[in-house]
Amino acid sequence: MGKQKSPRRKTGAQTGAPGLGTLSVWAGEHNAHWMGSTQVPVVQSVSFGFRDVDQWLAVVRGIQAGHIYSRNTNPTVAAFEEKVRTLEHAEAATSFASGMAAISNTLFTLLSPGDRVVSVKDTYGGTNKIFVEFLPRFQISVTLCDTTDHDAIEAAIAKGCRLVYLETPTNPTNKVLDLARLAAAARRRQASVVVDNTFATPINQQPLRLGADLVIHSATKYLGGHADALGGIVCGRRVLVQHIFHFREITGASLDPMAAYLLLRGMKTLHLRVRQQNQSAMEIARFLDAHPRVSKVFYPGLASHPGHEIARRQMSGFGGVLSFVPEGGFESVKRLLPRLRYAHMAANLGAVETVAGPPATTSHVESSPKERKASGIPEALIRYSVGIEDTADLIADLRQALAKTFAK
Ligand SMILES: *Cc1c(COP(=O)(O)O)cnc(C)c1O
16 MGKQKSPRRK TGAQTGAPGL GTLSVWAGEH NAHWMGSTQV PVVQSVSFGF
66 RDVDQWLAVV RGIQAGHIYS RNTNPTVAAF EEKVRTLEHA EAATSFASGM
116 AAISNTLFTL LSPGDRVVSV KDTYGGTNKI FVEFLPRFQI SVTLCDTTDH
166 DAIEAAIAKG CRLVYLETPT NPTNKVLDLA RLAAAARRRQ ASVVVDNTFA
216 TPINQQPLRL GADLVIHSAT KYLGGHADAL GGIVCGRRVL VQHIFHFREI
266 TGASLDPMAA YLLLRGMKTL HLRVRQQNQS AMEIARFLDA HPRVSKVFYP
316 GLASHPGHEI ARRQMSGFGG VLSFVPEGGF ESVKRLLPRL RYAHMAANLG
366 AVETVAGPPA TTSHVESSPK ERKASGIPEA LIRYSVGIED TADLIADLRQ
416 ALAKTFAK
């Protein structure tokens, strides 16, 4: 979200209606770069100098394109914002140092004392902490509904609220919310709708097209895709994004240019990674579902999943994260995880490598066992974020780990 208007070279990305793959590669890449470099440079400069005071003032007043200070805007960061903005078909975008910075800055920009937020119990653990710990300190009331009860969520919205905050599919049990239905309910009460689209990515789901006002990503996950940079982004309606940008430029949770570069580079293969992960996750979910030692699998691509019909309607792929419960409780989880050869035991998801862990150490590390129980998250759950390895190798790996876990 800069004051600059980038000069556009005419390419396929501007002339036709390019697909998301073409946009993943080309969007945001069209500024004239240093010495004609074809790659967006890492502009590791805090401030930007001017020839004279008139030019400086013109940039400050937004009359002329340019950057002033990298807490506000930076060319590398602006290219990343433009790429995500284009993929989400949004009017505007602004970025942050992390996903949680994007979420907290958005909430603290849009809410004031006396306001009410309606959300669900299954949001990301950090987001849930903002709802239960921080917002109430500012006299903002938060209603967290049962994620599987659309009637209850609609009824809570109908009572009147400033903001509806949604996340789908949820972390880690893959519950699915009907975005078009809940956005319509919010519109009837003039409430803004914010959707955390981290799990789905713009390749699998486009919340703005379903009626959301703002979409948030932890770019740390799928957008970057390589588990080597933190970042966050908010895109959507220009007036709202402008307010959020202003809050961030003053409070200072800005994205670092080096991280922006890594995220940009990762995003060029977003569509390929997500396509592979969708396909592998589906096959792995079917394998686990049929395994005699697995008591439950949570994946919206399975016809038995309660959110399957909604997911089919609003998503173009079911995503790369699944979770499952092995027989034998938490002891089995502890035995199984170290036996996986092709999975980091780590608190992350959406990377090129498969990552696996229990929610008590990953998505809901911030929550107590009681809070996890209230959110319907079994303690003996394994969240399995599928990487881009060969599907057959991942299935063989799970098969051998399950066999050893349950060997007599
Ligand atoms: C990881 C994650 C976040 C937080 O992002 P950070 O970049 O770690 O701050 C928010 N929402 C979801 C769904 C996530 O998976």
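First residue of the sequence shown? That's 16 in our numbering, and the numbers climb one at a time after it. All C-beta atoms in this analysis are idealised placements derived from N, C-alpha and C, irrespective of residue type, glycine included.
Can you tell me whether DSSP reads E97 as helix, strand or coil? Mapped onto the sequence shown, residue 97 falls at position 82. Residue state, collapsed to three classes: helix.
Quiz item: Are R86 and E264 touching if we call contact CB-CB under 8 angstroms?
Solution: The residue given as residue 86 occupies position 71 in the sequence shown. The residue given as residue 264 occupies position 249 in the sequence shown. Between R86 and E264, the C-beta gap is smaller than 8 angstroms, which places the two residues in contact.
query: Name the DSSP bridge partner or partners of F339?
result: Locating residue 339 in the sequence shown gives position 324, counting from the first residue. Partner(s): V312, I397.
Mapping the DSSP letters down to three states, classify I248 as helix, strand or coil. Along the sequence shown, read from residue 1 onward, the residue named residue 248 stands at position 233. In this structure, DSSP gives I248 an extended state, which the three-state scheme calls strand.
Is K190 near ligand 1, going by C-beta to nearest heavy atom under 7 angstroms?
-> In the sequence shown, residue 190 corresponds to position 175, counting from 1. Because no heavy atom of ligand 1 lies under 7 angstroms away, the Cβ of K190 does not count as near it: no.
- Thinking H320 and Y314 are a contact (beta carbons under 8 angstroms), I'd like their distance in whole angstroms, please. Taking the sequence shown and counting its residues from 1, one reaches residue 320 at position 305. Taking the sequence shown and counting its residues from 1, one reaches residue 314 at position 299. With a contact defined as Cβ atoms closer than 8 angstroms, H320 and Y314 qualify at about 6 angstroms.
Practice problem: Assign A93 to buried or exposed, taking buried as 16 or more other Cβ atoms, counted over all protein chains shown, within 10 Å of its Cβ. | Solution: Residue 93 sits at position 78 when you count from the first residue of the sequence shown. Burial call: buried.
At a cut-off of 7 angstroms, is M282 close to ligand 1 when judged by its beta-carbon and the heavy atoms of the ligand?
For the purposes of this step, residue 282 is taken as the residue at position 267 of the sequence shown. When distances are taken from the beta-carbon of M282 to the heavy atoms of ligand 1, even the shortest one reaches 7 angstroms or more.
Quiz item: Going by the CB atoms, is the gap between V209 and Y180 shorter than 8 angstroms?
Solution: What you label residue 180 is simply residue 165 of the sequence shown in a count that begins at 1. What you label residue 209 is simply residue 194 of the sequence shown in a count that begins at 1. Taking a C-beta distance under 8 angstroms as the contact criterion, Y180 and V209 qualify as a contact pair.
message: Checking 8 angstroms against the spacing of the C-beta atoms, do S39 and L396 come in under that value?
response: In the sequence shown, the residue the question calls residue 39 occupies position 24. In the sequence shown, the residue the question calls residue 396 occupies position 381. Judged by their CB atoms, S39 and L396 are not nearer to each other than the 8 angstroms cut-off.
### Query
So, using beta-carbon positions, are A173 and L270 closer together than 8 angstroms?
Counted from its first residue, the sequence shown places residue 173 at position 158. Counted from its first residue, the sequence shown places residue 270 at position 255. Not closer than 8 angstroms, so no.
What three-state label does DSSP hand M330 in the structure shown?
For the purposes of this step, residue 330 is taken as residue 315 along the sequence shown, with counting starting at 1. DSSP places M330 outside both helix and strand once states are collapsed to three, so it counts as coil.
| message | Let's test the definition: count the other Cβ atoms within 10 Å of the Cβ of M50 and tell me whether it reaches 16, buried, or not, exposed. | response | Taking the sequence shown and counting its residues from 1, the one referred to as residue 50 is at position 35. It is exposed - the Cβ of M50 has fewer than 16 other Cβ atoms within 10 Å.
*Return yes when the C-beta of S233 is under 7 angstroms from any heavy atom of ligand 1, and no when it is not.*
If you number the sequence shown from 1, residue 233 lands on position 218. S233: yes, Cβ under 7 angstroms from ligand 1.
> According to the neighbour-count rule (16 or more other Cβ atoms, all chains shown, within 10 Å of its Cβ), is M428 buried or exposed?
Replying inline: In the structure as shown, the chain starts at 16 and stops at 423, and residue 428 therefore has no counterpart that could be examined.
**Prompt:** Quick one: any contact between the stretch 41 to 56 and the stretch 90 to 106, if contact means 3 or more CB pairs under 8 angstroms?
**Reply:** With a cut-off of 8 angstroms, the stretch 90 to 106 and the stretch 41 to 56 count as touching, because enough Cβ pairs lie within range.
> Where in the stretch 239 to 304 do unbroken runs of the alpha helix (DSSP H), each at least 4 residues long, occur, reported from the N-terminal end onward?
Replying inline: The qualifying runs are 253 to 266, 272 to 282, 285 to 304.
> According to DSSP, what are the bridge partners of R131?
Replying inline: Stepping through the sequence shown from its first residue, residue 131 is reached at position 116. BP columns for R131 point to S156.
query = Based on the DSSP secondary-structure assignment, which residues constitute the bridge partners of A416?
reply = Looking up residue 416 in the sequence shown gives position 401. Note: A416 sits in no beta bridge, so no partner.
* Asked: Got a sec: does ligand 1 put a non-hydrogen atom nearer than 7 angstroms to the Cβ of F214?
  -> Here residue 214 refers to the residue found at position 199 when the sequence shown is read from its first residue. Distance from the C-beta of F214 to the nearest heavy atom of ligand 1 is below 7 angstroms.
State the start and end residues of the unbroken beta strand (DSSP E) segment that holds H232. Stepping through the sequence shown from its first residue, residue 232 is reached at position 217. Counting along the chain, the beta strand (DSSP E) containing H232 begins and ends at 229 to 233.
Is V147 helix, strand or coil when you go by DSSP? Here the question's residue 147 lines up with position 132 in the sequence shown. Three-state DSSP puts V147 in a helix.
Check your understanding: Is the Cβ-Cβ distance between F95 and G36 less than 8 angstroms?
Key -> Here residue 95 is taken as the residue at index 80 of the sequence shown, counted from 1. Here residue 36 is taken as the residue at index 21 of the sequence shown, counted from 1. Result no, Cβ atoms of F95 and G36 do not sit closer than 8 angstroms.
query = Are A371 and A358 close, meaning C-beta to C-beta below 8 angstroms?
reply = Against the sequence shown, residue 371 aligns to sequence position 356. Against the sequence shown, residue 358 aligns to sequence position 343. The answer is yes: Cβ separation under 8 angstroms.
Exercise. From what residue to what residue does the alpha helix (DSSP H) around S347 run?
Worked result: For the purposes of this step, residue 347 is taken as the residue at position 332 of the sequence shown. First-last of the alpha helix (DSSP H) with S347: 344 to 351.
Margin query: Looking at the secondary structure, which residues open and close the alpha helix (DSSP H) in which E106 lies?
Written below: Here residue 106 corresponds to residue number 91 of the sequence shown, with the count starting at 1. No alpha helix (DSSP H) holds E106; DSSP gives it neither H nor E.
Closest by C-alpha distance to E182, when choosing among D228, V135, K419, F262: Along the sequence shown, one-based indexing puts residue 182 at 167. Cα-wise, what sits closest to E182 is V135.
Since I believe I145 is in contact with L122 (beta carbons under 8 angstroms), could you give me their beta-carbon distance rounded to a whole number of angstroms? One-based indexing of the sequence shown puts residue 122 at position 107. One-based indexing of the sequence shown puts residue 145 at position 130. Indeed they touch by this definition, with Cβ atoms about 6 angstroms apart.
### Message
Could you compute how far the alpha carbon of D211 sits from the alpha carbon of D67?
### Response
To locate residue 211, count along the sequence shown from 1; it is residue 196. To locate residue 67, count along the sequence shown from 1; it is residue 52. In a straight line, the C-alpha of D211 is about 43 angstroms away from that of D67.
Determine, using beta carbons only, whether K190 and T213 come nearer to each other than 8 angstroms.
-> Translated into positions along the sequence shown, residue 190 becomes position 175. Translated into positions along the sequence shown, residue 213 becomes position 198. Here K190 is not near T213, since their CB atoms are 8 angstroms or more apart.
Practice prompt. Would you decide whether R398 is buried or exposed? Buried here means 16 or more other CB atoms lie within 10 Å of its CB.
Written response: Locating residue 398 in the sequence shown gives position 383, where the first residue counts as 1. With 16 or more other Cβ atoms within 10 Å, it is buried.
Note to self: Let's test the definition: count the other Cβ atoms within 10 Å of the Cβ of K20 and tell me whether it reaches 16, buried, or not, exposed.
What the structure shows: One-based indexing of the sequence shown puts residue 20 at position 5. Summary for K20: the model assigns pLDDT 41, below 50, so the residue's position carries little reliability, and this model does not support an answer.
Beta bridge counterpart(s) of G372 as assigned by DSSP: As a working mapping, residue 372 is identified with position 357 in the sequence shown. Partner residues in the beta bridge of G372, as assigned by DSSP, are R398.
- Using a Cβ-Cβ cut-off of 6 angstroms (strictly less than) and excluding sequence neighbours within five positions of S310, which residues of its own chain qualify? As a first step, residue 310 is located in the sequence shown; it is residue number 295 there, counting from the start. Answer for S310: V340, E342, listed in chain order.
Does ligand 1 have a heavy atom nearer than 7 angstroms to the CB of L238?
Taking the sequence shown and counting its residues from 1, one reaches residue 238 at position 223. No - ligand 1 has no heavy atom lying nearer than 7 angstroms to the Cβ of L238.
Measure the alpha-carbon distance for V133 versus L197 and round it to whole angstroms.
Translated into the one-based positions of the sequence shown, residue 133 becomes position 118. Translated into the one-based positions of the sequence shown, residue 197 becomes position 182. Just so you know, the alpha carbons of V133 and L197 end up roughly 11 angstroms apart.
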